[in-house]
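J.: I have a structure here, written as structure tokens, and I will follow up with some questions on it.
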Amino acid sequence: MRVLGIETSCDETGVAVYDTDKGLLGHRLHSQIDLHAAYGGVVPELASRDHVRRLPLLLRETLALTGLSMRDVDAIAYTAGPGLAGALLVGSSVAEALGVALGIPTLPVHHLEGHLLSPLLSADPPAFPFVALLVSGGHTQLMRVSGVGDYALLGETVDDAAGEAFDKTAKLIGLPYPGGPVLAKLALEGTPGRFKLPRPMLHSKDFDFSFSGLKTAVLTTATAPGFAPEDRADLAAEFQAAAVEVLVAKAMAALRHCGLRQLVVAGGVGANLALRAALDAAAAKRKARVFYPELELCTDNGAMIAFAGAMRLMAGEQVEASDGRFAVRPRWSLQEITPPQAAA
Amino acid sequence: MAAGLQPGSQPRLGGGEPSIRDTHLIEAERPAPRLDIRSEAGQVFLPARKIIVFEVHPRNDSGPSARLHLPDEDATLAAGARLATALPPRLTILLRGDLGAGKTTLTRGLLRGLGFTGRVKSPTYTLVEPYKDSRISVYHFDFYRFTHAEEFLEAGLDEYFEGDGVRLVEWPDRAHPYLPAADLEVLLHVAPSGGRELSLRALSPEGQTCLNDFIAHTATRPPASPPS
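Residue numbers (the numbering used here), protein chains in the order written: chain A, 3 to 346; chain B, 19 to 246.
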């Protein structure tokens, strides 16, 4: 069974085909920006209605790449939310129109379900159940993933996302676009601890995060008299150390809480090498393992949507040929997602 | 013309009886300090837990603008809650200030003032966070990520500016000239002495009414608790 996946929830336009026997056949992204540059989640082009212009071309490219025609597709999965309403409408309407034209089923997919399941696309995938740390420019969440569609939110950011904090901190200390990755690079040259930044909510005894106060602390430090440009590396190093320490501590606490030994990291900040090194070291001490998606699947993409749709179909989700009716869900809690509903 | 006045005898600006909804935010932890009246219309205080110096400047055209000192995050939240008590069902507020100035914190205070108890997250990534649980629909925008103003139209955000609702807009200049006319301008910046300075300026008659109400509420002490 071949599933076409379409992702248009925010900035990226993504298309992919996943084959339940052969795996991912191919995927295309509109903005093939440098993958390291992508991890902040904040990209320069933001034009929902550009999805209209990009999508037909990407569909043709993906089919050419995989040597398929539209007739070879058995089902279409698309991101129905959460995201920008206008952006979601583009992917949803294209998917449903194709579904009607081809007489094949369509599956609305939750964007974050795509991210959560994306590490299962790697050559050495984790097995259910696992704890997922979803960390990007727009999200910072810890979840227990018991199976497809069986997600329990353990905690999340109460203000800024981690990737957003990286990008805004970079801006505050005068680093150029793309911010977060530049900051991570500069941090390698600095020494954490020379400046002291808080570890927000480190001891809050829950799985929530807060990064807004960290940003404000950076502002206070960087605008203090005597702060020189050559101090930036040390401040960047301290910021990264603070953010990483909180993310690692909460992720480990979540593993302990759930009694699990598998941690899946998804989202753009998962590409941060300092975070990876710290997570790997902390997990090793607990005899736990950390799983990351392929680097190119860290950002928003169509492959994870095609895969999530395919997983649901393989689990027996009841689907019918599209009748063209659909609704997008700009605000859609992952908590509302249910396991695949098999035919009665 | 400095005159040491007890806060309780501050001139009430804007007229009308104050309606104080969020009494949990206005219990003074310590006696309010004596304040000097410096500006023409008077310098008054915000009866938050932390005392805030507050100046009101008469303007030639329609009414006063206001300037407050917010010593800490709690004060920013309290100022937002104060603004909530003055909101009509339809208003567009520009939130200006650099990164880390407290724009989202002020918005969180406003939503708390409206009774919203859930999370108030940064809208930087999502561009808009809607809040419909309170008595007034609030839309919190952030155009920080725009690189050209056309993105406002391309993202279909102009539709949010039709009809009722309170719209708070961070980084409004990045949607210029497509952003519809606003009613109130709020400016936050880091004060040299620490904390934040908050300035409010009306941009329309509706904004002026809101600002007058805000000043009236802010300039008034909470009613004394009845003896038990």
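C-beta atoms are modelled at their ideal positions from N, C-alpha and C, and glycine is treated no differently.
Over what stretch of residues does the alpha helix (DSSP H) that includes A:H113 continue unbroken?
T.: 113-119
J.: How big is the Cα-Cα spacing for B:A102 and A:E322?
T.: So the alpha carbons of these two residues sit roughly 48 Å apart.
J.: For A:P231, name the three-state secondary structure that DSSP assigns.
T.: Of the three classes helix, strand and coil, the one that applies to A:P231 here is helix, per DSSP.
J.: Starting from A:I78 and walking both ways along the beta strand (DSSP E), at which residues does that stretch end?
T.: 77-83
J.: Listed in chain order, which residues of the region 123-145 of chain B have Cβ atoms closer than 9 Å to some Cβ of chain A?
T.: T123, R126, R137, V138, K139, S140, T142, Y143, T144, L145
J.: Going by Cα to Cα distance, which pick from B:D90, B:S140, B:A96 is closest to A:F211?
T.: B:S140
J.: Hey, out of A:D126, A:G176, A:C260, whose CA is closest to A:L221's CA?
T.: A:G176
J.: Who are the Cβ neighbours of A:L174 in its own chain at under 8 Å, not counting the five residues just before and after it?
T.: Around A:L174, the same chain offers K217, V220, L221, A224 as residues with beta carbons nearer than 8 Å, after the five sequence neighbours per side are excluded.
J.: Interface residues of chain B around A:A87 at Cβ under 8 Å?
T.: Here the neighbours are G174.
J.: Quick check on DSSP: helix, strand or coil for A:S148?
T.: strand
J.: If you compare alpha carbons, which of A:E296, A:L199, A:A129 is closest to A:A244?
T.: A:L199
J.: Are there 16 or more other CB atoms within 10 angstroms of the CB of A:S335, so buried, or fewer, so exposed?
T.: exposed
J.: Run through the DSSP bridge pairs and tell me what B:S83 is partnered with.
T.: B:H75
J.: Measuring straight from C-alpha to C-alpha, what distance separates A:D4 and A:P127?
T.: Note on identity: in this sequence residue 4 of chain A is Arg, with Asp being the wrong assignment. The alpha-carbon atoms of A:R4 and A:P127 are separated by roughly 20 Å.
J.: For A:K287 and A:G116, I'd like the C-alpha separation in whole angstroms.
T.: Rounded to the nearest angstrom, the gap between the Cα atoms of A:K287 and A:G116 is 29 Å.
J.: Exposed or buried, A:S1, counting other C-beta atoms within 10 Å across all chains shown (16 or more means buried)?
T.: Nothing can be reported for residue 1 of chain A: it is not among the residues displayed for chain A, which extend from 3 to 346.
J.: Please classify A:V268 as buried or exposed, where buried requires at least 16 other C-beta atoms within 10 Å of its C-beta.
T.: Note that residue 268 of chain A is Ala in the sequence shown here, rather than Val. A:A268 comes out buried.
J.: Does any CB atom of chain B fall closer than 7 Å to the CB of A:T223?
T.: It does not; no Cβ of chain B falls within 7 Å.
J.: Hey, is B:G213's beta-carbon within less than 7 Å of any beta-carbon in chain A?
T.: no
J.: Can the beta-carbon of B:Y196 be found less than 7 Å from the beta-carbon of B:F164?
T.: No, they are not a contact pair.
J.: Quick check: the region 324-335 of chain A against the region 97-111 of chain A, are there 3 or more CB pairs under 8 Å?
T.: yes
J.: With a cut-off of 8 Å on the beta carbons, I'd call A:A189 and A:A238 a contact; round off their distance for me.
T.: 4 Å
J.: Is B:Y178 helix, strand or coil when you go by DSSP?
T.: helix
J.: With a threshold of 16 other CB atoms inside 10 Å of the CB of B:S211, please say whether the residue is buried or exposed.
T.: exposed
J.: Could you give the C-beta distance for B:A104 and B:F232, rounded to a whole number, given that I count them as a contact under 8 Å?
T.: 4 Å
J.: Specify the secondary structure class of A:Q143 as computed by DSSP and reduced to three states.
T.: Of the three classes helix, strand and coil, the one that applies to A:Q143 here is strand, per DSSP.
J.: Just by C-beta distance, which residues in the region 327-343 of chain A are closer than 9 Å to chain B?
T.: P332, R333
J.: For chain B, find out if any of its Cβ atoms is closer than 7 Å to the Cβ of A:E166; answer yes or no.
T.: Interface residue, yes.
J.: Anything in chain B within Cβ reach of A:D152, meaning under 8 Å, just list it in chain order.
T.: Here the premise fails: no neighbours, minimum Cβ distance about 23 Å.
J.: Where does B:D201 land, buried or exposed, given buried means 16+ other C-beta within 10 angstroms?
T.: buried
J.: With 16 as the cutoff for other CB atoms within 10 Å, does B:Q268 come out buried or exposed?
T.: Outside the displayed span of chain B (19 to 246) sits residue 268 of chain B, for which this structure offers no information.
J.: Would you say B:G181 lies against chain A (beta-carbon separation less than 7 Å)?
T.: For B:G181, the answer is no, since every Cβ of chain A falls outside 7 Å of its Cβ.
J.: Taking any Cβ of chain A, which residues in the region 195-209 of chain B have a Cβ under 9 Å from it, in chain order?
T.: V208
J.: Within the same chain, show all residues whose beta-carbon is closer than 7 Å to that of B:D191, passing over the 5 residues directly before and after it, in chain order.
T.: none
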